[in-house]
């Protein structure tokens, strides 16, 4: 499961670099700056598909379905957070609430997914897997 989450994290970074126009990440050329925008988007999509494929391999089908559902819910939250990030870009002023809402949809969404998936494979109760928001 951790590999699936890491693949999703990397797919979001590839797409983020394209949207932000960043030519480097951590001192290295970004995928889009080497292989073009199309290449980066397709590779990001392939990483996402591979993450889901990993989860389909879980031996307990019920756990697999719940894990995929949770991962996909996080991907949707990530997309919303990235969209909010795009909306905030260039704004002369950003409120703390705006920033926290955007961050909740990005970094926090994936962190919450990690916690939920760990609780899921540990056979935790539903309230532990998905605490109220």
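Numbering (the numbering used here), first residue to last: 588 to 720. Glycine included, each C-beta is placed from N, C-alpha and C at the ideal position.
- If you look at residue 694, you'll find it in the alpha helix (DSSP H) that goes 694-708.
- A contact between stretches requires three or more CB pairs, one per stretch, nearer than 8 Å, and the segment 637-652 fails this requirement with the segment 667-676.
- Here DSSP, grouped into helix, strand and coil, assigns residue 640 to helix.
- Residue 682 sits in coil when the DSSP states are folded into three classes, being neither helix nor strand.
- Closest option to residue 662, judged by alpha-carbon separation, among 680, 715 and 631: 631.
- Membership of residue 603 in the alpha helix (DSSP H) is indicated by the continuous run 589-607.
- For residue 610, no alpha helix (DSSP H) segment is defined, and its DSSP state is neither H nor E.
- Between residue 709 and residue 668, the CB-CB gap reaches or exceeds 9 Å.
- In this structure, the alpha-carbon of residue 716 lies about 23 Å from that of residue 636.
- Residue 618 and residue 612 have their alpha carbons spaced roughly 9 Å apart.
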